[in-house]
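2 protein chains.
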Amino acid sequence: MNTEVLEKQTISLMNTISDIGAATAVLNWDQETYMPHGASMMRAEQISTLSTLMHQMLTGENAKDLVLKLKDGNATSQNPLMRLFVEEHEKAVKLPEDLVKKVSKAQALGQDIWKEARSKKDFSIFAPILDELLTLKREEAECRGYADNRYDALLDIFEPGATVAHLNPVFDKLRDATSTIVHAIEPVKHTVNDAPMRQHFPGDAQMAFSKFIAEKMGFDFSYGRMDLTAHPFCTSFTQHDVRLTTRINEQDLSSCLYGVIHETGHGLYEQGFPIEYARTFAAEGASIGMHESQSLLWETIITRTEEFWEFALPHFAKYFPEQAKGLSARDMYHAVNTVMPSLIRVEADEITYNMHIILRFEIERDLINGTLATKDIPEAWNAKMKEYLGVVPSNDALGCLQDVHWSFGGFGYFPSYTLGKLYAAMEWKKIQEVMPNVHSDIANGEFSGILNWLRKNIHSYGKTETPGEIIKLVTGNPLSEEEFVRYAYGKVSSVYGIQLA
Amino acid sequence: MNTEVLEKQTISLMNTISDIGAATAVLNWDQETYMPHGASMMRAEQISTLSTLMHQMLTGENAKDLVLKLKDGNATSQNPLMRLFVEEHEKAVKLPEDLVKKVSKAQALGQDIWKEARSKKDFSIFAPILDELLTLKREEAECRGYADNRYDALLDIFEPGATVAHLNPVFDKLRDATSTIVHAIEPVKHTVNDAPMRQHFPGDAQMAFSKFIAEKMGFDFSYGRMDLTAHPFCTSFTQHDVRLTTRINEQDLSSCLYGVIHETGHGLYEQGFPIEYARTFAAEGASIGMHESQSLLWETIITRTEEFWEFALPHFAKYFPEQAKGLSARDMYHAVNTVMPSLIRVEADEITYNMHIILRFEIERDLINGTLATKDIPEAWNAKMKEYLGVVPSNDALGCLQDVHWSFGGFGYFPSYTLGKLYAAMEWKKIQEVMPNVHSDIANGEFSGILNWLRKNIHSYGKTETPGEIIKLVTGNPLSEEEFVRYAYGKVSSVYGIQLA
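Protein chains in written order, with the working numbering: chain H, 15 to 515; chain R, 15 to 515.
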């Protein structure tokens, strides 16, 4: 078979699998937005059927045959799409079907039990199923394989190439720097507050203002839309159909506004993959961490500058005339940049957020390696909260039961959030170098320069390069905490009027 | 292999195919309700992929093997689900893949060209592709097979068991009776008008009032919902998730209200299939005609009685206090039962509607049998309009180009609409016999007796019986126009104060 025919057949199979994946994503989106409650059970069956089908197609005889021929013909070194197909196939066949079934059963059970445990604030209810999930995930890690640390096999699912050996020193230094900030702010922490964001904001106006900002950022609503859900997310059914969701808290504009900006950052990445990658495995983010860098660059860096509020305040005043009275861009800049140690990860500020992640990383790493026992999680959690942030949860619901991730066995996912912050800071440094006018562009509401840079330097790769390769291509450096720490010191110094670093 | 294992495997394959079908239906629903415009092309790819997959699974080696064993083991006579599976498989394998592809290509082209022809009011633009579709559909009819008339093979797709030999005399008598009505009304046609329905009605109140009526009818919104679309429809992703759609015309309440009642009739059928049929081929209507009988029984009979408006008027007055002033139930009864020959099928009243269908049936039948040439359609159409309804379209857009059906080769579909009316009238006669208080129930807004009767006598079969068998089981008689004609004579006499029959 000649290479052209072989590649055509491989693309065709990828198209089919991607289309089923898109349909599955539509079913999930519908479930969160509009589906009637009574449909849950049947919807679960439908999603399970489509997922099984995708797995069968990726691991079946046809796929096996294509992979053999692709490797034989050396097509994988010529065409990144072929390489991706082979990689995804080889990852999928590594997991025995029996294990996949056991994991998926434990996941379903895990989520139900976690909800109960959280509502009863009692970790001991969750411990047995969590222990089972950990056993299965250790087994999965062994199947996936790793060079050095068992946890690496799970990290690799979300962040290809990430290892404990690499993350340990990065996270250690980040933890120390964050401690420095937290301690430096302590004496002046009440001098800055977020009152301007915590007024009463009518829901419809919140949606309209947030949508206006999303459009300004460059999100194309002819290829996407925005709806309300209990938990905000971004999902994509090809570059031509990207769905954002948000929620409204009428007493706090941040939840909707910065939620939408965050999801729009993800959405711009999804809309930005080259169209020729549509319906293939390349039309995806390079990793969860790289995806987070796209949302966080917009949410925590660009739109929390004083320049952003110079642009946004007059518009804010149109949507919220009463609430805007007497507010300056500087007031808004302060209001959206307060730093305050707290118990709940998803409510944490940009700086202390990383402490929540580092804590989870350390616990997960030790659980997977068997050096921390499941029953000892609450104690370890609370001790680390005290040490890293100086606050201790009064119960498990405010502590080790707060996140959904472990209930579906998502060990290895948490670090991506912080990697996103580190990538974003590195990208931001580069953007400021190559676009010396970027701050005045922002003050003028002109974001197309930034978006074009992201399109060219990040989005255009899709999944054809690893995040490590991309960040090196873009910045010349491998992943490190340095830029983030420099950025954080600068931000905190400016907001709190203190001297750091 | 024992029967139990064989049946389990067959059910499992049906579950998979049904789940993919449900996903396809979600994609279609999303496309009509919320999908951004830009996504059309990719969505078409996704739907095509899922449809191909379903066809492959229904006709593939696994299905073939199951069918052989099922027929061998005589399992089809014991279990209606097994019989349905074999029937669907055998229908699917009759069509050569090459023909299926040609038809689907011509369909796509047909719809584009039809839109252009309609907007230019010029049938000659549409004629060549329509001719091609007819040639392909004749070929399809030959593949499907028939005993007597080639058109029977196409009728059978939508109405299993229907034949030209059976429909010709039924439609002839119905046409004559309708002519009698039209002529009888002519001298008094301006004595009754629909002004009460043609006031200004705010959209939100229309939606709320219509939803209230849908709930009263028994539609369970915990297993369904209602949205806005350009063209109203009902779709179902299992009995647990039934979606209705409607549209609003603020100058005419009928469009939304009776549209919702119509779709709710379909929706009640879909919600009413036995839950053990979920995710199998039995969780469907017995035929398009039987499905229409469920929508039309509610839309044209039950909710156009004077008793219905005795119940509904006080509620109507709550939603529309200004508009309700001075109106009686009798006024509303008149307003929703006017009869007036007109050009457009979808705007026609309950009585003259059948003329539009009979005209299409006769033209389709002759086209498929080659006794009418494609180029002669406009002439035949206009002549029949003049003869049957006394009105003649001034251009093809108001005539033979008004419907989408032929543009996708849907020959054989139109008769189902009238069959639905005939079934509905037969069901209504039976309901009145077994529920002597049904009219006072309606006046009290008590519809559960009717719904329970429909559940038991129609819905409970799903697709396990043919429409012909169901109507005979329910009424003791085979399909005929008699009950509809009796019903129509009675209604028109009462509304127009004339004597008929």
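The C-beta atom is built at its ideal place from N, Cα and C for all residues, glycine as well.
Model, not experiment: these values are computed from the prediction.
Item to check | residue 24 (chain H) - DSSP class collapsed to helix/strand/coil | outcome: Of the three classes helix, strand and coil, the one that applies to residue 24 (chain H) here is helix, per DSSP.
Item to check | Partner residues on chain H for residue 263 (chain R), Cβ-Cβ distance less than 7 Å | outcome: In chain order: nothing, as chain H lies at least about 24 Å away.
Item to check | N-terminal and C-terminal residue of the beta strand (DSSP E) that residue 238 (chain R) is part of | outcome: 238-242
Next on the checklist: Less than 7 Å between C-beta atoms, sequence neighbours within five positions excluded: which residues of the same chain meet that for residue 222 (chain R)?
Outcome noted: Excluding residues within five positions, the ones whose Cβ falls inside 7 Å are 333.
Checklist entry - Just checking, does the stretch 403-418 of chain R make contact with the stretch 447-466 of chain R on the three C-beta pairs under 8 Å criterion? => result no
Next on the checklist: Determine, for residue 117 (chain H), whether the minimum Cβ-Cβ distance to residues of chain R falls below 7 Å.
Outcome noted: no
Checklist entry - If you drop the 5 nearest sequence neighbours on each side, which residues of the same chain put their C-beta closer than 8 Å to that of residue 25 (chain R)? => result 95 and 294
Checklist entry - When the Cα atoms are used, what is the spatial distance from residue 439 (chain R) to residue 478 (chain R)? => result For residue 439 (chain R) and residue 478 (chain R), the distance between alpha carbons rounds to 22 Å.
Checklist entry - When the Cα atoms are used, what is the spatial distance from residue 367 (chain R) to residue 71 (chain R)? => result 40 Å
Next on the checklist: I'd like to know if the stretch 85-100 of chain R and the stretch 330-345 of chain H are in contact, where contact means that at least 3 CB-CB pairs between them fall below 8 Å.
Outcome noted: no
Next on the checklist: Distance check for residue 178 (chain R) and residue 166 (chain R), CA to CA, integer angstroms please.
Outcome noted: 6 Å
Checklist entry - Is residue 41 (chain R) near residue 40 (chain H), with beta carbons less than 7 Å apart? => result yes
Item to check | Of the listed residues H:314, H:144 and H:159, nearest to residue 421 (chain H) (C-alpha basis) | outcome: That would be H:144, whose Cα lies nearest to the Cα of residue 421 (chain H).
Item to check | Beta-carbon contacts of residue 513 (chain H) that lie in its chain and below 7 Å, excluding the five residues immediately before and after | outcome: 507
Checklist entry - Listing by chain order, which chain R residues have their CB less than 8 Å from the CB of residue 292 (chain H)? => result 56
Item to check | 7 Å Cβ cutoff, residue 274 (chain R) in contact with chain H | outcome: Interface criterion not met: the Cβ of residue 274 (chain R) is under 7 Å from no Cβ in chain H.
Checklist entry - Within this structure, are the beta carbons of residue 302 (chain H) and residue 185 (chain H) separated by less than 7 Å? => result no
Checklist entry - Any C-beta of chain R sitting closer than 7 Å to the C-beta of residue 70 (chain H)? => result no
Next on the checklist: Taking the alpha helix (DSSP H) that residue 318 (chain R) belongs to, which residues open and close that run?
Outcome noted: Here residue 318 (chain R) belongs to no alpha helix (DSSP H), and DSSP marks it neither H nor E.
Item to check | Residue ranges of each alpha helix (DSSP H) within the stretch 155-232 of chain R, 4 or longer | outcome: Scanning the stretch 155-232 of chain R for uninterrupted alpha helix (DSSP H) segments of 4 residues or longer gives 164-172, 178-199 and 217-231, listed from N- to C-terminal end.
Checklist entry - Taking the Cβ atom as the reference point for each residue, do residue 429 (chain R) and residue 498 (chain R) lie within a distance shorter than 7 Å? => result No. Outside cutoff.
Next on the checklist: Distance cutoff 7 Å, beta carbons only. Does residue 236 (chain R) sit that close to anything in chain H?
Outcome noted: True, the Cβ-Cβ gap to chain H drops below 7 Å.
Next on the checklist: For the pair the stretch 193-210 of chain R and the stretch 270-283 of chain R, tell me if three or more CB-CB distances fall below 8 Å.
Outcome noted: no
Item to check | Residue range of the alpha helix (DSSP H) that includes residue 256 (chain H) | outcome: First-last for residue 256 (chain H): 256-260, but that is the beta strand (DSSP E), not the alpha helix (DSSP H).
Checklist entry - Would you report the Cα separation of residue 305 (chain R) and residue 299 (chain R), rounded to the nearest angstrom? => result 6 Å
Checklist entry - Got a sec: which bits of the stretch 43-54 of chain R sit with their beta carbon under 9 Å from any beta carbon on chain H, in order along the chain? => result Here the close residues are 43, 44, 47, 48, 49, 50, 51, 52, 53 and 54.
Next on the checklist: Here's a check: name, in chain order, each residue in its chain whose Cβ is nearer than 6 Å to the Cβ of residue 263 (chain R), leaving out the five neighbours to either side.
Outcome noted: 269
Checklist entry - Which residue from R:17, R:31 and R:435 puts its Cα closest to that of residue 296 (chain R)? => result Comparing alpha carbon positions, the residue from R:17, R:31 and R:435 closest to residue 296 (chain R) is R:31.
Next on the checklist: Given this structure, state the Cα-to-Cα distance separating residue 511 (chain R) from residue 325 (chain R), to the nearest angstrom.
Outcome noted: 23 Å
Checklist entry - What's the C-alpha gap between residue 432 (chain H) and residue 373 (chain H)? => result 11 Å
Next on the checklist: Do residue 252 (chain R) and residue 56 (chain H) have their beta-carbon atoms positioned less than 7 Å apart in this structure?
Outcome noted: yes
Item to check | Residues bridged to residue 248 (chain R) (per DSSP) | outcome: Answer is R:258.
Checklist entry - To the nearest whole angstrom, what separates the beta carbons of residue 146 (chain H) and residue 120 (chain H), a pair I think is in contact under 8 Å? => result 5 Å
Checklist entry - Would you report the Cα separation of residue 48 (chain R) and residue 265 (chain H), rounded to the nearest angstrom? => result 29 Å
Next on the checklist: Quick check on residue 448 (chain H): buried or exposed, where buried means 16 or more other Cβ atoms within 10 Å of its Cβ?
Outcome noted: exposed
Checklist entry - What residues in its chain sit with their C-beta under 8 Å from that of residue 312 (chain H), if we drop five residues either side in the sequence? => result 231, 275, 276, 278, 279 and 282
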